[in-house]
Each structure stands twice: as C-alpha cells, then as structure tokens.
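From first to last, the protein sequence lines stand for chains A and B. Under the numbering used here, the residues of the first sequence are numbered 3 to 435, in order. Under the numbering used here, the residues of the second sequence are numbered 52 to 491, in order. A virtual CB, placed ideally from N, CA and C, is assigned to each residue, including glycine. Bear in mind that the values here come from a model prediction, so they are computed numbers and not experimental data.
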Amino acid sequence: MADLTSDFVGIKSPNPFWLASAPPTDKEYNVRRAYEAGWGGVVWKTLGEDGPPVVNVNGPRYGAIWGADRRLLGLNNIELITDRPLEVNLREIKAVKRDYPDRALVVSLMVPCEEAAWKAILPLVEETGADGVELNFGCPHGMSERGMGSAVGQVPEYIEMVTRWVKQNSRMPCIVKLTPNITDIRKPAEAAKRGGADAVSLINTVNSITSVDLDLFAPEPTIDGKGAHGGLCGPAVKPIALNMVAEIARSPETRGLPISGIGGVTTWRDAAEFIALGAGNVQVCTAAMTYGFKVVQEMISGLSQYLDEKGVGLSDLVGRAVPNVSDWQNLNLNAISKAKIDQELCISCGRCYAACEDTSHQAIAMSDGRVFTVKDDECVACNLCVNVCPVEGCISMERMEVGATDPRTGKVVPAEFGDWTTHPNNPMARAAE
Amino acid sequence: MDARQLAGGIRAGRLEPQALEEGFSDLHPPYDDHEALVAADRCYFCHDAPCATACPTTIDIPLFIRQIATGTPEAAAKTILSQNILGGMCARVCPTETLCEEVCVREVAEGKPVEIGRLQRYATDRIMARNIHPFERAAPTGKRVAVVGAGPAGLACAHRLAMKGHDVVILDARPKPGGLNEFGIAAYKSTEDFAAREVDWLLGIGGIILETGKALGREVTLEGLKAEYDAVFLGLGLGGVNALGIDGGDRDGVSNAVDFISELRQAEDLAALPVGRDVVVIGGGMTAVDAAVQAKLLGALNVTIVYRRSQERMAASVFEQELAQAKGVRIICNATPKAVHGNGAVREIEFEFTDDDLTPTGERFRLPADQVFRAIGQSLVTEGLPTLDGRKIAVEGPGRTSLPGVWAGGDCAAGGDDLTVTAVAEGRDAAEDIHATLTR
Numbered sequence: 003m004a005d006l007t008s009d010f011v012g013i014k015s016p017n018p019f020w021l022a023s024a025p026p027t028d029k030e031y032n033v034r035r036a037y038e039a040g041w042g043g044v045v046w047k048t049l050g051e052d053g054p055p056v057v058n059v060n061g062p063r064y065g066a067i068w069g070a071d072r073r074l075l076g077l078n079n080i081e082l083i084t085d086r087p088l089e090v091n092l093r094e095i096k097a098v099k100r101d102y103p104d105r106a107l108v109v110s111l112m113v114p115c116e117e118a119a120w121k122a123i124l125p126l127v128e129e130t131g132a133d134g135v136e137l138n139f140g141c142p143h144g145m146s147e148r149g150m151g152s153a154v155g156q157v158p159e160y161i162e163m164v165t166r167w168v169k170q171n172s173r174m175p176c177i178v179k180l181t182p183n184i185t186d187i188r189k190p191a192e193a194a195k196r197g198g199a200d201a202v203s204l205i206n207t208v209n210s211i212t213s214v215d216l217d218l219f220a221p222e223p224t225i226d227g228k229g230a231h232g233g234l235c236g237p238a239v240k241p242i243a244l245n246m247v248a249e250i251a252r253s254p255e256t257r258g259l260p261i262s263g264i265g266g267v268t269t270w271r272d273a274a275e276f277i278a279l280g281a282g283n284v285q286v287c288t289a290a291m292t293y294g295f296k297v298v299q300e301m302i303s304g305l306s307q308y309l310d311e312k313g314v315g316l317s318d319l320v321g322r323a324v325p326n327v328s329d330w331q332n333l334n335l336n337a338i339s340k341a342k343i344d345q346e347l348c349i350s351c352g353r354c355y356a357a358c359e360d361t362s363h364q365a366i367a368m369s370d371g372r373v374f375t376v377k378d379d380e381c382v383a384c385n386l387c388v389n390v391c392p393v394e395g396c397i398s399m400e401r402m403e404v405g406a407t408d409p410r411t412g413k414v415v416p417a418e419f420g421d422w423t424t425h426p427n428n429p430m431a432r433a434a435e
Numbered sequence: 052m053d054a055r056q057l058a059g060g061i062r063a064g065r066l067e068p069q070a071l072e073e074g075f076s077d078l079h080p081p082y083d084d085h086e087a088l089v090a091a092d093r094c095y096f097c098h099d100a101p102c103a104t105a106c107p108t109t110i111d112i113p114l115f116i117r118q119i120a121t122g123t124p125e126a127a128a129k130t131i132l133s134q135n136i137l138g139g140m141c142a143r144v145c146p147t148e149t150l151c152e153e154v155c156v157r158e159v160a161e162g163k164p165v166e167i168g169r170l171q172r173y174a175t176d177r178i179m180a181r182n183i184h185p186f187e188r189a190a191p192t193g194k195r196v197a198v199v200g201a202g203p204a205g206l207a208c209a210h211r212l213a214m215k216g217h218d219v220v221i222l223d224a225r226p227k228p229g230g231l232n233e234f235g236i237a238a239y240k241s242t243e244d245f246a247a248r249e250v251d252w253l254l255g256i257g258g259i260i261l262e263t264g265k266a267l268g269r270e271v272t273l274e275g276l277k278a279e280y281d282a283v284f285l286g287l288g289l290g291g292v293n294a295l296g297i298d299g300g301d302r303d304g305v306s307n308a309v310d311f312i313s314e315l316r317q318a319e320d321l322a323a324l325p326v327g328r329d330v331v332v333i334g335g336g337m338t339a340v341d342a343a344v345q346a347k348l349l350g351a352l353n354v355t356i357v358y359r360r361s362q363e364r365m366a367a368s369v370f371e372q373e374l375a376q377a378k379g380v381r382i383i384c385n386a387t388p389k390a391v392h393g394n395g396a397v398r399e400i401e402f403e404f405t406d407d408d409l410t411p412t413g414e415r416f417r418l419p420a421d422q423v424f425r426a427i428g429q430s431l432v433t434e435g436l437p438t439l440d441g442r443k444i445a446v447e448g449p450g451r452t453s454l455p456g457v458w459a460g461g462d463c464a465a466g467g468d469d470l471t472v473t474a475v476a477e478g479r480d481a482a483e484d485i486h487a488t489l490t491r
C-alpha cells in the first residue's frame, strides 16, 4: 500500500485528504469523528472576531441540483461562518489538537480588514497549537456584504495587504483561500504570493442560484418568499476548480506556490486529478456532507492503489499533468483523428447519430438494422459522439497514421508538428525557420 | 396444509381470505414517484427508438418516459393515450417482454430493459387518478356509427370516432363493457376494478352511447345496423370455444377456461368460488396460464398445464410460463388429450405423448383430475358476417371488410396477434379510415 503521508507547507498529515472549512468541521464532536474515520486533516470552520457571534438564517440554508436517481451533483449554501462563540471554538481546537497530534488542524479565519482585528485573533489561534491558518477570502454570501470573504478575495490589493498582516503577526503557515467569483484566478493568487502566503487553497464556492420555485417565483433555498444567491460546491464545480488550479500551477508568476485543491472532490480519482494538476493536497466538503465521513476510506484505498499501480509516490504525482496544460494556439493541428464505433459494443441506441446529425457535422450514417458508422469524409473528430454515447469505450477517437490521406480534406497527414502559431491562415503566423 | 386443501372435488373456500387477497393482488405493483423517476432515468432517449417501432400502437415511448423524468406524468399520459386510448390496460396486460421491452437497447445490452410497461402504468394511472380526460371532441359531423363489441378494438374505435365528432353507439352482448379486459384476463393483472374504471374514463370523451345486452344475430343484425348507421365497426371478438373432441369431453368438471376466468373476474367473493383439488388445463396460450395460475391462487393443490407441442412453441410468453411455474403450476409438454375418464364427473384425464409434429408416440399417461379446463383456442361465431379469411373476417388495409360501410378489427378480424394492444391499434386505425370515408 502506497505511503500517502503528506507534507503540505510543513503541515504533516497521514494522508492528503483534509476536510474543508465548512459545517463538517464546525465543532469538536465532528472533528474527532472525522479523524476517527480517517481524515488526514481538517480546516476548522471559519472563526470570526471576538464578540457576539454571527447569526444564521432559520430557514433552509442549502439548495441542490441532482442527477439520475437523485444523485447530488451540486450543493449551494447560504450558511455564514461559525455562529458559536470564539472562546468555545478555541478551547475545542486546543483539545482536539492535543488528542490528535498526527493530524493536520488548520484554522480558517475571517475578521474585518483592519490590522488590529488580525493582530487580536492570531495569537489566540496560535495558542491552541493549531498547525496553521487559512484566510477565508472566498465566501460569496452574507459575510461579503460586510466587506469580508469574497469581497476581499475579489480585490488583489486587499488580499496582499491582509496576507502581509497575518505573516507579520504570526509564525504559523498561512494558506489563502481564493474565490472563483473573479475573471482571472491568477491575479488573486499572485497577490497572495506577494503578501507572503505559504499556499493558496481553491476554489471556494461559486455564486449561484440552484433553482427557482415555480409556484412561489422565488429562488431556492427560499426563506419567507425570498432567496439570496449562495455558493455552489460539489461535483458540478470540479471542472471550474481544476482549471483554476491548473492556471495557478502553470503561470510563471505563481509556479511553485503550494496549492490545496478544493472543488467537488468526491472520489480518489477526483483527488488524483487535482494533485496531478499541481495541488499538494485536497480538501473535501460536499462528498462528506452527502455521504458522511466514511467516504475518505475509499479515497485512501483508491489513491493508494493507483499510486501502487503507477509505481510512483504521492509527491511524484503532484503537478505531473501541469506541463501538458497548454494554450489552444499550441495544440497540434496536424494530429488528425476520426471517430470509430466498436460494433461489438454498440447497443444501437442512435444517440451518436442524433447528436451528430442534428447538431454537429452529419458524420454518422444510420443503415438497416440500426447499424451506425462514422463517415470519415465528414468526421472532424469533435468527440461529441463519444460524450453522448451511453456505453463507455464504445466510440473512440483513432488517430490517423502519418502519410495517410484525410478523406475529409483530401490532404496527407503530415509528420511534423504544426499549430496555429505557424498556420498559413494565421495572419500573425511566424515565418517557419 | 389443512384438510380444506386436501379435500377432493370442486369446492369453495380452500384458502383463508387473507391468502386469497395476497394471491390476487397486483402482479406488478405500481411505482411510487421516486421509483418512476429512477426507472425513467434509465431510458437513453434512443433515436428512432426500437421500442416505439415494436409497439403495435407506436407509442412515442422515449418521449413519454422523458416527460415522466421531468415531472410531467400527465403529459406523458397524453403522449401514450393519443396513440393508445387503452394505454392503462395495455400497461398491465401487454406482453412487453416480447414487444417494447424485448427490443429496448438496455435489454439487448444488459438483459435489463427500461421497465416501459410499469412506466406507462405510472403515467396513465396518474392522469386517471386526477380524472383528466385529455382529449376534446371535434365539432359534430352529424354522422352516426355503430360499433359492435365493447372490447379493446370497439372501445378504441369508438373513442377515436367520437373525438372526430361522430356520434357512436356501442353494442355489446354482455351485461358490462370491456370485453376481454373485463372478462378474459387474470384478476391480478387488472386489480381494483380497473377495466370498468378505464371504460368509464374513456367514455368521458362524450358522444358515445353504450348499449349492453345486445348481440349481433340476436337483438340486432348487420343488415339492420348498416341500414340505420352511416358506418359499422365489428369488434366482436371470438365468442366460441374450441371443443376437445375426445371421449368423455363433456363430463362434469370439464369446462372452458374463458368461462372460469370470466366467473372469477365477476365474483364478489373469491372464497365462494369453487375450484378443484387436481386441476388440469389443456392449452398453451395466455388463457391457459391465466386459468392455471388463478386455479392455484384459489387453493387448488395440483395444477398442471398440458400442451401438445414443445414448451418453446407455447403461445404464452416465457414470462407467463415462468410466472405459472413460480406459482407452482406444472407444465407438461408434448402431450395430447385422449380421453376423460370418470363416473359422471371427471376423475382422470388420459394423454398420449407426441412429438413436435403431433405424431403420437404410443406412450400414454393419466393425470388425476377433478377439474379440467379447455384453453385450446376460441373461434368466431360466423353467422351473418362479411366474407371470411380462414376462420376470421377478411380485412384489407385499415379494417375494411368485403361489405362497403363495414369495418372490422380485433380478434374477430384476420391478421395480427390476438393481443389487446393489437386490437386497440386496429380499432383506432379503422376509426381513422371510417372518418376519412364519412367526411370525404
């Protein structure tokens, strides 16, 4: 069994699966049970400044979208930071960390954008023995209306300023949690780095309305006839998160900045994908909120098996896919593929035909006996048929041999690489040397 | 096992009421909302879907399933009913395993089809429970059409004609409408008086007058109907039952399976319905299975279906055969009845083994029997009908008979399987042709 021991910015944990700052990590009771279930670490639910705690709504705080069989695909929340007194949280953090010294315990923080507020809370956290802090610059609802959370995360200058305060007033590792509700994720990441952050974590939740009650004409979740946007998480946001993680991992300005990957991690495979795109570890929330703490056991066994089969260690996997994340202009236009339908696997549902005929390139023929075949002289290898086929592996993209003639274009497949930067149709093309 | 089950002869009350109730409950219990969504989610929404092609009424199955999946079962029901106004009954009695579900791509791929029949029932039950009749009559045409037979073919024909604005009179020999839906199928396929409720709902279109107790050749004649109405549709089914034609075939205890099923369907109290201890059903179709299974459910100790050819050739579907066997019915194949023995009432029935070409092998055996059901097919009572094709009414295209102004469909017409769904399709198509003819 592969060694999953993780060292993230000096914070050690027996595996790279941490629970994200969220309802599952709101109190000692939960966190102890999470550790017992096998979680490598937790980021304690966000603490605010001392004083009367925030209050939450007393109606529904979650909304959801579902797939087949009511499988939860996306969860939206309007819950705020912890609504329990600061002193209670700190006492519990200290007790838990004392009893689980081998587990990571990071404390999420969100206090006003004043240095005094940060100066006040950081020593209190440090005193608990916690391993580090995560700055919540991501929550897009409620707290952002008060100038915190994503209101900070959307202004790189604020990120840099607050991060600097934290680093100047604490010896703890500092992870800056980023909001995806921006146009270019690299800018806030660069700001965090300039401020001295040890790492960034992303993504926080995505602004969302999950659905509309068509009787009440109100967004879900609805409270007394009104709704407010919440933050979406869960499997639905994973593709957004993967891209943002990859952007930071491959950007020259932020390359090497440790990343804690968050966003729809539900299985070991999701985790492996985040790690391959540059995440040093992952944080999980929705999967635990959907299935309970036990899901981590599948993540541990699955990632371990994968690493064993690949014959690599966890650290070897980190960033392994980053060099292959490129820009469109650098994709090889001379790599020509055609769809191929495996007639043995085909169940003749005709979805590929409907999709291609109605919405793509009319490159699939339907013949007697419901036999579906690809018309190579029309196929542009768009992959839509592969994506809509209900049978995994039935339709594949087969690359044409060099020297063969593409029946669609009548041109020979060249051996050499050729992308847009050198393409004759590109007015900006550099002359080939 | 108690004495009541062991007692010989044909007698009532072999089982406790609770056992009867359980036995005769819904064969395929209805889906609840969540089950329906899960089942609907399995549909791939195939292009030019094989299931719809396989359906004799060509219901747009992928569309109705998608309508269920998106929370609009009423719209799904309308999709079904616009092609098959008896979609509720067909959802219960169609041999889906040899029609839509047999060709479902998931059956082909995984051996587990989308459960189209149960989904269809979910949708049609929903619209009937809400007492919605989703069709409206067109403006009156002033034309009058007589429909003979209130079975699936006649009802489908009448509904479509009424929808087109014609005035329809349905005549049926029996005291209640419904035909085989009401009298001829196993009770566990049409629970809670569904057949009657469906007819009431269907008549909600308006413009249809139902006259029961009127048989062709008894109270009315085809000549008379032709003279009185603008068109006539014959959907009178098969009124006769084929005879055994063997020694002792008329002994007490020997009767028609269809009569047994009919009595059972109309019985107020199943505990009062007599059944033998050793029951033998002769035949290999749906009627044989319906009679055998229900005899078993009434408490018969030994029930045997004897079919003269091999089991693969039984007209009853594999599902029906397995249902019978699961209920404890024994199926003996390649045996043909030779004589019914007994002193007055039947005591034994004697068979001879045959090969698949019905050549006798010379080897004989006897089965103890105090009740024997004939289920070897029904036949048309042909007096005063249009030209026949074999033993049924000859039809061309959408049910046109040899007589101008007379159409026919369902079991009494030649061609097509003797299935409820086929009868519905034929009645519907004849109605369209009658409408086209009358409005030409």
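Asked: Nearest-angstrom beta carbon gap, residue 286(B) and residue 204(B) [assumed within contact, 8 angstroms]; Found: 3 angstroms
Asked: Candidates 127(B), 79(B), 333(B), of which the one nearest residue 146(B) by Cα; Found: 79(B)
Asked: Chain-ordered chain D contacts of residue 344(A) [CB-CB under 9 angstroms]; Found: In the displayed structure, chain D is absent; the protein chains listed are A and B.
Asked: Chain B contact residues for residue 367(A), given Cβ-Cβ distances below 8 angstroms; Found: Correct list: empty, because the minimum Cβ distance to chain B is about 12 angstroms.
Asked: Integer-rounded CB distance, given that residue 386(B) should sit under 8 angstroms from residue 405(B); Found: 7 angstroms
Asked: Under 8 angstroms between C-beta atoms of residue 8(A) and residue 40(A); Found: no
Asked: Member of 259(A), 336(A), 66(A) whose CA lies at the smallest distance from the CA of residue 235(A); Found: 66(A)
Asked: Collapsed DSSP secondary structure at residue 76(B) in the structure displayed; Found: coil
Asked: Counterpart residues of residue 176(A) in DSSP-defined beta bridges; Found: 135(A)
Asked: Test item: CB-CB of residue 179(A) and residue 146(A) under 8 angstroms; Found: no
Asked: Proximity below 8 angstroms, CB of residue 69(A) to CB of residue 77(A); Found: no
Asked: Rounded distance between the beta-carbons of residue 96(B) and residue 113(B), thought under 8 angstroms; Found: 5 angstroms
Asked: Alpha-carbon spacing of residue 411(B) relative to residue 418(B), whole angstroms; Found: 18 angstroms
Asked: Length at least 3, wholly inside the region 235-284 of chain A: the beta strand (DSSP E) runs in chain order; Found: 261-264
Asked: Backbone CA spacing between residue 435(A) and residue 248(A) [nearest angstrom]; Found: Unreliable placement is indicated for residue 435(A), whose pLDDT of 48 sits below 50; the coordinate value is still reported in the next sentence. About 32 angstroms.
Asked: Opposing strand residues paired with residue 419(B) [DSSP bridges]; Found: 399(B)
Asked: Supposed contact pair residue 384(A) and residue 354(A) - C-beta distance, whole angstroms, cut 8 angstroms; Found: That belief does not hold up - the Cβ atoms of residue 354(A) and residue 384(A) are roughly 11 angstroms apart, past 8 angstroms.
Asked: Per DSSP, cross-strand counterpart(s) of residue 234(B); Found: In the DSSP output, where bridge partners are listed per residue, residue 234(B) has none listed.
Asked: Same chain, Cβ closer than 8 angstroms to residue 415(A), neighbours up to 5 away in sequence not counted; Found: 336, 338, 402, 403, 404, 405, 406, 407, 408
Asked: Residue 435(A) at chain B interface by Cβ criterion, 8 angstroms; Found: Low per-residue confidence applies at residue 435(A): pLDDT is 48, beneath 50, and the placement is therefore not dependable, though the value from the model is reported in the following sentence. With 8 angstroms as the cut-off, residue 435(A) does not count as an interface residue toward chain B.
Asked: Local conformation of residue 15(A) per DSSP, three classes; Found: strand
Asked: Selection of the region 68-98 of chain A by Cβ proximity to chain B, strictly under 9 angstroms; Found: 69, 70, 71, 72
Asked: Segment limits, beta strand (DSSP E) that includes residue 317(A); Found: Taken as a continuous stretch (DSSP letters only), residue 317(A) belongs to no beta strand (DSSP E), being part of the alpha helix (DSSP H) at 316-319.
Asked: Residues in the region 390-411 of chain A having any Cβ partner in chain B nearer than 8 angstroms; Found: 392, 393
Asked: Among 257(B), 316(B), 178(B), 439(B), nearest to residue 216(B) - alpha-carbon criterion; Found: 257(B)
Asked: Cβ-based contacts, 9 angstroms cut-off: residues of the region 94-125 of chain B near chain A; Found: 95, 96, 97, 98, 99, 100, 101, 120
Asked: Closer than 7 angstroms at the beta carbon, the chain A residues around residue 92(B); Found: 70, 71
Asked: Reference residue 310(B), options 334(B), 65(B), 338(B), 108(B), closest by Cα; Found: 338(B)
Asked: Closest by C-alpha distance to residue 209(B), when choosing among 283(B), 181(B), 328(B), 313(B); Found: 283(B)
Asked: Interfacial residues, the region 136-159 of chain B to chain A, with Cβ spacing under 8 angstroms; Found: 156, 157, 159
Asked: Cβ-based burial, residue 249(B) [other Cβ within 10 Å; buried from 16]; Found: buried
Asked: Residue from 107(B), 178(B), 72(B), 151(B) with nearest C-alpha to residue 119(B); Found: 178(B)
Asked: Segment limits, alpha helix (DSSP H) that includes residue 120(A); Found: 117-129
Asked: Stretch-stretch touch, CB-based, cutoff 8 angstroms, three pairs: the region 359-376 of chain B with the region 326-343 of chain B; Found: yes
Asked: 7 angstroms Cβ cut-off: residues of chain A touching residue 89(B); Found: 71
Asked: Euclidean distance between Cα positions of residue 186(B) and residue 76(B); Found: 31 angstroms
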